[in-house]
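Undergrad: What follows is a single structure, and I will ask about it in a moment.
Numbering (the working numbering), first residue to last: 61 to 558.
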């Protein structure tokens, strides 16, 4: 029998991470795990505020970088300001729930003593009360950490930077390794999401790192969690660990965030008519790929795109956190002339929804990737034609002026201090301001982790290079031709190493 609110894969992963920390804490005299007590064999240690961030993104995806015009017929862009409000609300709600539970547990202990319960029964209730107090302590600390981050000036983008650093840390810790990423079997990777969207997500994170000036001296993304600050700040050693994320759980979390983020980016590029057309193509290619949806509801109709359209748009609007509870989520689903009390009656649980969404978003991504490639090839052709014309007629005055002004030289950038993102009361070490506007570049590289916490250096520019070489013509003359250096692709390796 399927539970009504069976968790999604990322939710289940985060709950398991918290259970590990709770079990480890029960083995210690204090009842809590601090970073000084961390056993790294349990996984990546995370604070409660970091778990909040991952939980929020696992429901809604991340705020994206947008370039140029976009459609708002099907969805609207998410902002970091909206994210901060949701995170603040989540932290307050969790703290209130924990406080209520502590009060109820304490009342039970006092009542048991007053009514003369046996010593063993009172001890059990006291143990539950102690666990509740431990959970409350973690949430009090998380609320304080988030309050410090969210209270900073908007132009510091502290929440954005902390979140991006954390996501890159979890992504790298997950160790996505996909061999033979282009074959048919690769579609089954990561619960039918496949490897390509994870590669896209890595490039999106790179663009976010570039936008917010959190690249190292080698032009690669920084990747940090609170645990990495233990050598920089003694106070971190006494901070509470609320979860241990193993590699499998990390993959589930990142995969779910990547799918939701890619879904939103696709919807932002389409009108409803365009999206429905592409969705029909995605449904057909999913069928050709022999995708299996084991718990497909009996009333589901794939002869049209209506049910698939509703599934994706509702998931984008409500997220995994609300799709099971909102009455509007059921609209348009089910057999004709039948009433359904909830999503369980419709046989739609979070895991069932997630599998089908993974399959459809995977194919939608391939459709857009192909279209983007065609546009890129066309633009390169125009660039080559322009270079050939310039080579024949000499350099233009505008290009000569640009080269003489030195505007193409890379600029020095100073790395933002990272300590402020992880410890309360820390001050920002850099006055560099960054904006959240920019463009998602599908050719951005998927970077690695840095060697130091505060790297200072020059940005490495990586534009498409243009080179000239000479070739002998058939008549013995030499002609000049332009070549464009191809950008390097992100390497994908095999998951079986886990």
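Virtual Cβ for every residue (Gly too), placed ideally from N, Cα, C.
Is DSSP giving residue 126 helix, strand or coil here?
TA: Along the chain shown, one-based indexing puts residue 126 at 66. Note: residue 126 maps to coil in three-state DSSP.
Undergrad: So, at 6 Å on beta carbons, what are the nonlocal neighbours of residue 117 in its own chain, with the 5 sequence-adjacent residues on each side left out?
TA: Against the chain shown, residue 117 aligns to sequence position 57. Here the set comprises 317.
Undergrad: How do the region 275-285 and the region 81-100 stand: do at least 3 beta-carbon pairs fall below 8 Å, yes or no?
TA: no
Undergrad: Mapping the DSSP letters down to three states, classify residue 235 as helix, strand or coil.
TA: For this step, residue 235 is matched to residue 175 along the chain shown. In this structure, residue 235 counts as coil in the three-state DSSP scheme.
Undergrad: Just mark residue 167 as buried or exposed, buried being the case when its beta carbon has 16 or more other beta carbons within 10 Å.
TA: By 1-based counting over the chain shown, the position of residue 167 is 107. Result: exposed.
Undergrad: Leaving aside the five residues before and after residue 395 along the sequence, list all residues of the same chain whose C-beta is less than 6 Å from its C-beta, in chain order.
TA: Here residue 395 refers to the residue found at position 335 when the chain shown is read from its first residue. Correct list, in chain order: 359.
Undergrad: Any idea which residues DSSP pairs residue 304 with across the strands?
TA: Along the chain shown, read from residue 1 onward, the residue named residue 304 stands at position 244. Answer by DSSP bridge pairing, in chain order: 105.
Undergrad: Applying the 10 Å Cβ sphere with the 16-neighbour rule, what's the burial state of residue 434?
TA: Locating residue 434 in the chain shown gives position 374, counting from the first residue. Exposed is the call here.
Undergrad: What separation, rounded to the nearest whole angstrom, lies between the Cα atoms of residue 298 and residue 140?
TA: By one-based count along the chain shown, residue 298 stands at place 238. By one-based count along the chain shown, residue 140 stands at place 80. Rounded to the nearest angstrom, the two C-alpha atoms are 29 Å apart.
Undergrad: Going straight from the alpha carbon of residue 390 to that of residue 128, what length do you get?
TA: Start at 1 with the first residue of the chain shown, and residue 390 comes out as number 330. Start at 1 with the first residue of the chain shown, and residue 128 comes out as number 68. C-alpha separation (whole angstroms): 35 Å.
Undergrad: Run through DSSP, which three-state label would residue 74 get?
TA: As a working mapping, residue 74 is identified with position 14 in the chain shown. Looking at residue 74 - three-state DSSP - the assignment turns out to be helix.
Undergrad: In the DSSP assignment, the alpha helix (DSSP H) including residue 156 goes from what residue to what residue?
TA: If you number the chain shown from 1, residue 156 lands on position 96. Residues 140-174.
Undergrad: Go ahead and pull the three-state DSSP assignment for residue 94.
TA: Your numbering for residue 94 matches position 34 in the chain shown. Strand at residue 94.
Undergrad: May I ask which residues mark the beginning and end of the alpha helix (DSSP H) holding residue 257?
TA: As a working mapping, residue 257 is identified with position 197 in the chain shown. Counting along the chain, the alpha helix (DSSP H) containing residue 257 begins and ends at 256-271.
Undergrad: Does DSSP put residue 408 in a helix, in a strand, or in coil?
TA: Here residue 408 refers to the residue found at position 348 of the chain shown. In this structure, residue 408 counts as coil in the three-state DSSP scheme.
Undergrad: Measuring only the C-alpha atoms, how far is residue 227 from residue 66?
TA: On the chain shown, position 167 is the one that residue 227 refers to. On the chain shown, position 6 is the one that residue 66 refers to. One C-alpha to the other measures close to 25 Å.
Undergrad: Out of curiosity, what's the CA-to-CA distance linking residue 268 and residue 224?
TA: Here the question's residue 268 lines up with position 208 in the chain shown. Here the question's residue 224 lines up with position 164 in the chain shown. Those two C-alpha atoms are separated by around 7 Å.
Undergrad: Within its chain, find whatever has a CB closer than 6 Å to the CB of residue 462; leave out the 5 residues flanking it on each side and keep chain order.
TA: Residue 462 sits at position 402 when you count from the first residue of the chain shown. Caution applies to residue 462, whose pLDDT of 47 falls short of 50 and renders its modelled position unreliable; the model cannot decide the point.
Undergrad: By the 10 Å Cβ neighbour count, where 16 or more other Cβ atoms means buried, how is residue 397 classified, buried or exposed?
TA: As a first step, residue 397 must be located in the chain shown, where it is residue number 337. Residue 397 is exposed by the Cβ-count criterion.
Undergrad: Over what stretch of residues does the alpha helix (DSSP H) that includes residue 335 continue unbroken?
TA: By 1-based counting over the chain shown, the position of residue 335 is 275. Looking at the DSSP string, the run of the alpha helix (DSSP H) that includes residue 335 is 332-348.
Undergrad: Helix, strand or coil: which one does DSSP assign to residue 88?
TA: For the purposes of this step, residue 88 is identified with residue 28 of the chain shown, where counting begins at 1. Reduced to three states, the DSSP call for residue 88 is coil.
Undergrad: With C-beta atoms as the reference, is residue 346 less than 8 Å away from residue 420?
TA: The count along the chain shown starts at 1 and reaches residue 346 at position 286. The count along the chain shown starts at 1 and reaches residue 420 at position 360. Yes, these two residues count as a Cβ contact at 8 Å.
Undergrad: With which residues is residue 275 paired in a DSSP beta bridge?
TA: Your numbering for residue 275 matches position 215 in the chain shown. Bridge partners of residue 275: 281.
Undergrad: Could you give the uninterrupted runs of the alpha helix (DSSP H) lying entirely in the region 395-450, keeping only those of 4 residues or more?
TA: none
Undergrad: Does DSSP classify residue 177 as helix, strand or coil?
TA: Mapped onto the chain shown, residue 177 falls at position 117. DSSP, read as helix, strand or coil, puts residue 177 in coil.
Undergrad: In angstroms with no decimal places, state the Cα-to-Cα distance between residue 354 and residue 372.
TA: Numbered from 1 along the chain shown, position 294 holds the residue referred to as residue 354. Numbered from 1 along the chain shown, position 312 holds the residue referred to as residue 372. A straight-line Cα-Cα distance of about 18 Å links residue 354 and residue 372.
Undergrad: Relative to the C-alpha of residue 320, which candidate in 381, 245, 107, 300 has its C-alpha closest?
TA: Reading the chain shown from its first residue, position 260 is the one you call residue 320. Ranking 381, 245, 107, 300 by CA distance to the CA of residue 320 puts 381 first.
Undergrad: With DSSP as the reference, label residue 291 as helix, strand or coil.
TA: Locating residue 291 in the chain shown gives position 231, where the first residue counts as 1. In this structure, residue 291 counts as coil in the three-state DSSP scheme.
Undergrad: Which stretch, first to last residue, makes up the alpha helix (DSSP H) that contains residue 373?
TA: Working through the chain shown from its first residue, we reach residue 373 at position 313. Taken as a continuous stretch (DSSP letters only), the alpha helix (DSSP H) holding residue 373 covers 366-382.
Undergrad: Whose CA, out of 374, 388, 383, 393, lies closest to the CA of residue 362?
TA: Along the chain shown, one-based indexing puts residue 362 at 302. Looking at the Cα atoms, 393 is the closest of the given residues.
Undergrad: Would you check if the distance between the CB atom of residue 253 and the CB atom of residue 315 is smaller than 8 Å?
TA: As a position in the chain shown, residue 253 is number 193, starting the count at 1. As a position in the chain shown, residue 315 is number 255, starting the count at 1. Yes, the pair counts as a contact, with Cβ atoms nearer than the cut-off.
Undergrad: Just how far apart, CA to CA, sit residue 72 and residue 311?
TA: Walking along the chain shown from the start, residue 72 turns up at place 12. Walking along the chain shown from the start, residue 311 turns up at place 251. Each residue's Cα considered, the two are about 12 Å apart.
Undergrad: Taking Cβ positions, are residue 134 and residue 300 nearer each other than 8 Å?
TA: Residue 134 sits at position 74 when you count from the first residue of the chain shown. Residue 300 sits at position 240 when you count from the first residue of the chain shown. No, they are not a contact pair.
Undergrad: With a threshold of 8 Å on Cβ separation, who are the neighbours of residue 366 within its own chain once the five nearest residues in sequence on each side are excluded?
TA: What you label residue 366 is simply residue 306 of the chain shown in a count that begins at 1. The residues are 392.
Undergrad: Compare the C-alpha of residue 110 against each of 370, 356, 272, 203 and name the closest.
TA: Counting from 1 along the chain shown, the entry for residue 110 is found at position 50. The shortest C-alpha separation from residue 110 is found at 203.
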